[in-house]
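Reviewing the structure listed below.
This is how it looks when you write it as structure tokens:
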């Protein structure tokens with residue numbers, strides 16, 4: 001069978017050209033114990049970071065909103081990175097949702113300033129939106145553009161939830177609504193997209209991800225990601 005006609009999730013194998021670029025990688029969508037463990041670690045670490053971010057960004061947020069109403073959304077990306085990072089490393093369907101929900105639940109247990117159920121719901125929505133991008137790509141494209149779109153999608157989820165629960169009196173198409181949307185999308189793209197991609201590359205090149213498909217490409221020297 002031609003490799004391009006094979007469906008993903010048939011095990012884990014890679015084929016390389018002479019230049020070292022992986023041209024096809026077959027996946028398995030079955031979660032292993034190590035996948036659960038790593039996704040959980042990402043969720044736990046992210047929860048602590050989210051908790052710290054909530055404390056240290058309250059003043060900068062107010063200052064940014066004071067300069068340009070809605071500009072505080074530029075900090076939202078600091079709450080969005082767990083989902084893209086988890087699915088980029090683990091590469092299993094549901095990894096983005098799982099890690100973001102774990103982070104949200106633990107953040108609320110640490111004493112979040114938000115109501116626990118709200119923290120859970122926004123984490124679920126952000127994780128689902130980040131996951132959606134990879135799902136639409138059939139979990140075949142693991143590259144910078146896809147991760148960037150995933151971060152932006154998580155930001156869109158954050159924006160939607162915020163306006164549905166806390167900013168109902170503000171027009172979605174008014175200055176605040178649009179500025180907040182653009183700021184959140186940019187923040188998601190940069191902090192939960194580009195930054196996550198290079199963080200992943202740095203981790204992979206240490207050899208820490210050698211048990212994962214995601215650890216193969218960076219160790220071989222390619223920066224292009226994987227596509228079927």
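In the UniProt record's numbering, the protein residues as written are 1 to 228. Idealized CB from N, CA, C, for every residue including glycine.
Going by DSSP, residue 175 is part of the alpha helix (DSSP H) stretching over 175 to 189. One Cα belongs to residue 121, the other to residue 129, and the distance between them is close to 12 Å.
In the three-state scheme derived from DSSP, where H, G and I count as helix and E and B as strand, residue 31 is classed as coil.
For residue 114, there is no enclosing alpha helix (DSSP H), as DSSP marks it with neither H nor E.
Of all alpha-carbon atoms in 69, 90, 159, the one lying nearest the alpha-carbon of residue 43 is that of 90. Non-local beta-carbon contacts of residue 32 in its own chain, meaning distances under 8 Å to residues more than five positions away in sequence, are absent. Setting aside the 5 residues that flank it on each side, residue 125 is surrounded in the same chain by 157, 158, 160, 161, each with a C-beta closer than 8 Å to its C-beta; the list follows chain order. For the region 126 to 177, the continuous alpha helix (DSSP H) assignments of 4+ residues that do not extend past its boundaries occur at 144 to 165, in sequence order. The C-alpha of residue 165 lies about 9 Å from the C-alpha of residue 118. By the CB criterion at 9 Å, residue 179 and residue 73 fall inside the cutoff. Sequence-distant partners of residue 132 (beyond 5 residues in either direction) whose C-beta falls short of 7 Å from its own C-beta, in its chain, are 153. By the neighbour-count definition (other C-beta atoms within 10 Å, threshold 16), residue 35 is a buried residue.
Assigned with DSSP and collapsed to three states, residue 119 falls in helix.
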